[in-house]
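Residue numbers (this note's numbering), protein chains in the order written: chain A, 16 to 287; chain B, 16 to 287. Beta carbons: idealized from backbone N, C-alpha and C, even for Gly. Everything below concerns the one structure shown next.
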């Protein structure tokens, strides 16, 4: 992959890069299509990165289907799929981590210690291997996007980060490879995430600026769903991720909620 | 600098890179000359990196002389000098660090917590800005060289790391910008470093393979010098930096010794 990237760069080709963990859905494909419009060559990585999973997490059962992914990726304009082995990415004696301090241990990072350190490390590695001009991430993983943007800026990575809108199912559920874990009931309950995010947006639009008030209204609506268990609901500055007490201008409303054994995340930008 | 590197790369020029903290001596210049022989363009950075200095260390008094450095660098074949400000390298909100875990907290890292994390971070940044084909480091800073090699390998950095031999004063003292701190007496005493490293080499050549024995002989000789105070003497595997009890094949003998308020390091590779 390194050699191919190097030779593409020497030919003056621009490279668009879509890093994924595979089991592609319309969210990933929207990134690939965008990359296809922007760059000469679209490279997609498919790598279920062990370092970003905790010991109790779903690394082993995370859904994988390279054959299906390959066909979908091609249909969305991907030219090259890079699917390294864990052993080649983290050989014996591996010791180096890139970490965005202060953004990695809050929200999802509080529940998933080491997760964002694993994400920033693998993305730093992939950028060095693929050498993209532009890399694409989904707004669904809002904290991830903020962490990656910060890392690329701080470490002077020669790549532009583009964060693309959330792609949703018909009923509004954000697309995620983990949706496949949901039972029928859980899947029905999960619709509440979109509902409470739109509620938050509406409350803010109607002048409710107190974050605690908005969060409480969201909490009450989620708690009506039997399979739901809230991990967090937060209203934040979208650059620094500092909590926002009173919403002025733009803010990020983000949440993580369990449905049975599946933890889903979603978010919305509100504007007062 | 990023734009220049990018344009040089697009022109197909190869870039040799010598990162320094300035106050150049023959050690730095030997790296620049080597780079000049290897690559089309030689870039040298001069940046006294605040992040690798501890709060009690010599960041403020570290010697600086950009005008003299510029002339010396040119004479050694440097085409471009990059001397960023600390503010541009670490702007407000800076949060990201690259760290080689396990190699950064031993030896010099034990005495200088955060030092190697600062070194690996700034080198990661400089590599992304300068985009070199080859980067040059001195064997004098042996632990630094091992940390950088490991980071470049682990993070798949598209750069070759070359580590060049220690350049010494006539009496054998390893060249260092910090030698300028030494009083006349301390400077005379500091010669003992080279002497004990050659003693170690000789003992190993004569079949002494017990590291404790070799270290004890070195310790005794250093202790004869009034201004000397030993920080550490260690015999290590030159890749993993694991301590070596019995020397078989190659090993790195490394030491750090204070002379008055100046801490000097030196090392030698021995072969049994």
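- prompt: Do we get a CB-CB distance below 8 Å when we pair residue 156 of chain A with the residues of chain B?
  reply: no
Per-residue burial, residue 127 of chain A [other beta carbons within 10 Å of its own, 16 or more giving buried]: buried
- request: Could you list which residues in chain B have their beta carbon closer than 8 Å to that of residue 115 of chain A, in chain order?
  value: 110, 111
Residue range of the beta strand (DSSP E) that includes residue 175 of chain B: 175-179
- prompt: Nearest to residue 107 of chain B by alpha carbon, out of A/254, A/281, A/272?
  reply: A/254
- prompt: Would the beta-carbon of residue 151 of chain A fall within 8 Å of that of residue 179 of chain A?
  reply: yes
task: Report buried or exposed for residue 94 of chain A, applying the criterion of at least 16 other Cβ atoms within 10 angstroms of its Cβ.
output: buried
message: Let's test the definition: count the other Cβ atoms within 10 Å of the Cβ of residue 249 of chain B and tell me whether it reaches 16, buried, or not, exposed.
response: buried
field: Beta carbon proximity, residue 258 of chain B to chain A, threshold 8 Å
entry: no
query: Listing by chain order, which chain B residues have their CB less than 8 Å from the CB of residue 27 of chain A?
result: 25
message: Can you pull out the residues from the region 139-152 of chain A whose beta carbon lies closer than 7 Å to at least one beta carbon of chain C?
response: Of the protein chains in the structure, A and B, none is chain C.
- prompt: What is the DSSP secondary structure of residue 54 of chain A, reduced to helix, strand or coil?
  reply: coil
Counterpart residues of residue 251 of chain B in DSSP-defined beta bridges: B/258, B/267
- prompt: Going along chain A, which residues have a C-beta under 8 Å from residue 21 of chain B?
  reply: 173
Cα-Cα separation, residue 57 of chain A to residue 287 of chain A: 38 Å
DSSP three-state assignment for residue 114 of chain A, whether helix, strand or coil: strand
Amino acids of chain B, ordered along the chain, whose beta-carbon sits closer than 9 Å to that of residue 60 of chain A: Chain B residues near residue 60 of chain A: none, gap ~12 Å exceeds 9 Å.
message: Restricting to runs no shorter than 4 residues, where is the alpha helix (DSSP H) found entirely within the region 81-125 of chain A?
response: 81-90, 101-104
- request: Anything in chain B within Cβ reach of residue 164 of chain A, meaning under 8 Å, just list it in chain order.
  value: Those do not exist, as residue 164 of chain A stays about 11 Å from chain B at its closest Cβ, beyond 8 Å.
message: Short of 7 Å in beta carbon distance, which residues of its chain neighbour residue 187 of chain B, apart from the five on each side in sequence? Order them along the chain.
response: 206, 209
query: For residue 247 of chain B, which residues from the same chain have a beta carbon less than 7 Å from its beta carbon, with the 5 sequence-adjacent residues on both sides left out?
result: 122, 270, 271
task: Run the CB neighbour count on residue 165 of chain A, radius 10 Å, all protein chains shown included, and call it buried at 16 or more, exposed below.
output: buried
message: Tell me the residue span of the alpha helix (DSSP H) that contains residue 136 of chain A.
response: 130-145
- prompt: Got a sec: is the Cβ-Cβ distance from residue 100 of chain A to anything in chain B below 8 Å?
  reply: no
query: Using the beta-carbon count (16 or more within 10 Å), is residue 277 of chain B buried or exposed?
result: buried
field: Straight-line gap, residue 111 of chain A to residue 113 of chain B (C-alpha atoms, nearest Å)
entry: 7 Å
message: Can you tell me whether residue 279 of chain A is helix, strand or coil according to DSSP?
response: strand
query: Hey, quick one: how far does the beta strand (DSSP E) through residue 33 of chain B stretch, first residue to last?
result: 30-35
- request: Check each candidate in B/267, B/201, B/73 and name the one with the smallest Cα separation from residue 285 of chain B.
  value: B/267
- prompt: Which residues in the same chain have their Cβ closer than 6 Å to the Cβ of residue 98 of chain B, if we skip the five residues on either side of it in sequence?
  reply: 61
- prompt: Which two residues bound the contiguous beta strand (DSSP E) that contains residue 151 of chain A?
  reply: 149-153
- prompt: Does the Cβ-Cβ distance between residue 275 of chain A and residue 191 of chain A come in under 8 Å?
  reply: no
query: Does the count of Cβ pairs from the region 64-77 of chain A and the region 48-55 of chain A closer than 8 Å reach three?
result: no
- prompt: Does the beta-carbon distance from residue 229 of chain A to residue 218 of chain A come in below 8 Å?
  reply: yes
message: Under 8 Å, CB to CB, which of the residues in the region 51-81 of chain A have a partner in chain B?
response: none
- request: May I ask which residues mark the beginning and end of the alpha helix (DSSP H) holding residue 208 of chain B?
  value: 207-220
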